[in-house]
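Peer 1: Encoded as structure tokens, here's the structure I'll be asking about.
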Amino acid sequence: SIERLLEEYLPKLVDGMSGDATHGIINLGYAVHSPYKQSLTEALAYMVYSYVYLGHLEAYDESGITDVVVHPYDGCNEFVQLLKYVNKDALTMQQEMEQKCLEEPYRQLPGTVGKRLFIIRDTQEYSLKLQQYVRQIKAIDRVKDEQLMELTHALSVAVLLAYEGTIPEPDNFFMLHGVTSCWAFRQTLKYFTNPKQLRSALYSFVMTIVAVYLTQGIPEFILRDGSFPLFNIDNQSRQYCFMSRKEA
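Taken in order, the sequence shown gives residues 1 to 248; the numbers are from UniProt numbering.
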């Protein structure tokens, strides 16, 4: 069945889901809700076609085994803070990618995102740096198995916070596709058949968001009141809290 096919191949394909500006995973997310089984087949084929491998991060075998209480929304805040850190740390990489876009073989490739994704893929220094960034999301390996679904939602909230913080308006290409691909990725979770597989997929998801963030010129995101968005984990109603720029 197509479901068995997805269970077998999707865990391998997510490592390359940044390709074609994440349209592969977005199509698959919609296809999951389509009444036509052919839609799933076509979406899976699209993921193969658009595959751009940026690396694979394997979840640790001892994942979720810790005496430290880790809230899934710790992952949300780790992700938001990672993007803020990348915004400063990756300036040189982003400038070098700009130059490489003007050189062969990338100059003739279509699309800004596509060119830069291939540059990241082909430049070992960049791909290793990307993987180092992603490992900073400690919650992926530290939450309990039963918290993984909530962690997936929490990581999506991080992208929503980044989207809300885009200045002057939340219409940045990265933010738009980041939000859409977050939703799409969450629709596919049932095809990851064990916790370790899902943890590795979450690393791939974060890697995709960070990679596309880099390709879009690492735009700064700050809320309109000048604050930096974080999630208030201590508030039972889970309302957002915001750190001032000075506190962040």
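Quick reminder that beta carbons are idealized off the backbone N, C-alpha and C, glycines included.
Here the structure is a predicted model, which means the values were calculated and not measured.
Any contact of the stretch 180–196 with the stretch 98–109, i.e. 3+ C-beta pairs under 8 Å?
Peer 2: No: the two stretches stay apart, fewer than three of their Cβ pairs being nearer than 8 Å.
Peer 1: Near Ser34, what residues of its chain come up, given a Cβ to Cβ distance below 6 Å and the 5 sequence neighbours on each side ignored?
Peer 2: Answer for Ser34: no residue qualifies.
Peer 1: Just the C-alpha distance for Gly114 and Ser18, rounded to the nearest angstrom, thanks.
Peer 2: Approximately 9 Å, taken between the alpha carbons.
Peer 1: Please state the DSSP three-state secondary structure of Phe221.
Peer 2: Here Phe221 sits in strand by DSSP.
Peer 1: Could you pull out every residue in the same chain whose Cβ sits closer than 6 Å to the Cβ of Val70, ignoring the five residues on either side in sequence?
Peer 2: Answer for Val70: Ala139, Arg142, Val143, listed in chain order.
Peer 1: Could you pull the start and end residues of the alpha helix (DSSP H) that Ile137 belongs to?
Peer 2: Per DSSP, Ile137 belongs to no alpha helix (DSSP H) and is neither H nor E.
Peer 1: Can you tell me the Cβ-Cβ gap for Leu130 and Ile120, rounded? I've got them flagged as a contact below 8 Å.
Peer 2: About 6 Å separates the two Cβ atoms, so the contact holds.
Peer 1: When you compare only the Cα positions, how much space is there between Ser200 and Pro105?
Peer 2: Going by the C-alpha atoms only, they are around 32 Å apart.
Peer 1: Run through the stretch 4–39 for me and flag every whole alpha helix (DSSP H) of 4 or more residues, listed as ranges in chain order.
Peer 2: Fully enclosed alpha helix (DSSP H) runs of 4 or longer: 23–32.
Peer 1: Hey, could you find the ends of the alpha helix (DSSP H) Gly165 is sitting in?
Peer 2: Looking at the DSSP string, Gly165 is not in any alpha helix (DSSP H), and its letter there is neither H nor E.
Peer 1: Just to confirm, is the Cβ distance from Leu40 to Leu6 under 8 Å?
Peer 2: Cβ atoms of Leu40 and Leu6: closer than 8 Å.
Peer 1: What three-state label does DSSP hand Met243 in the structure shown?
Peer 2: The pLDDT assigned to Met243 is 38, lower than 50, so where the model puts this residue is not dependable, and the model offers no usable value.
Peer 1: Measuring alpha carbon to alpha carbon, tell me which residue in Ser127, Phe79, Lys190 is nearest Gly29.
Peer 2: It is Lys190 whose Cα lies nearest to the Cα of Gly29.
Peer 1: Short of 8 Å in beta carbon distance, which residues of its chain neighbour Glu96, apart from the five on each side in sequence? Order them along the chain.
Peer 2: Excluding positions up to five away in sequence, the list is empty.
Peer 1: So for Phe192, helix, strand or coil by DSSP?
Peer 2: Three-state DSSP puts Phe192 in coil, outside helix and strand.
Peer 1: Just reading off the alpha helix (DSSP H) that Asp122 is part of, what are its end residues?
Peer 2: Counting along the chain, the alpha helix (DSSP H) containing Asp122 begins and ends at 112–122.
Peer 1: Let me know if Thr111 comes out buried or exposed under the rule of 16 or more other beta-carbons within 10 Å of its beta-carbon.
Peer 2: First, the residue type needs correcting, since residue 111 is Gly and not Thr in the sequence shown. Exposed: under 16 other Cβ atoms inside 10 Å.
Peer 1: State whether the stretch 206–222 contacts the stretch 82–95, with contact taken as three or more CB pairs (one from each stretch) at a distance under 8 Å.
Peer 2: Because the criterion of three Cβ pairs below 8 Å is met, the stretch 206–222 and the stretch 82–95 touch.
Peer 1: Compare the beta carbon distance of Val159 and Met207 with 8 Å and say whether it is the shorter of the two.
Peer 2: No, Cβ-Cβ distance for Val159 and Met207 is not below 8 Å.
Peer 1: Among Glu125, Thr152, Tyr85, Val212, which residue has its Cα nearest to the Cα of Asn172?
Peer 2: Among Glu125, Thr152, Tyr85, Val212, the Cα nearest to that of Asn172 belongs to Val212.
Peer 1: Locate the alpha helix (DSSP H) running through Tyr85, then write down its first and last residues.
Peer 2: Unbroken alpha helix (DSSP H) run through Tyr85: 72–89.
Peer 1: Grab me the residues of Tyr53's own chain with a C-beta within less than 7 Å of its C-beta, minus the 5 sequence neighbours each way, in chain order.
Peer 2: Asp15, Gly16, Arg121.
Peer 1: Closer than 8 Å, CB to CB, is Gly114 near chain D or not?
Peer 2: The displayed structure is made up of one protein chain only, and chain D is not part of it.
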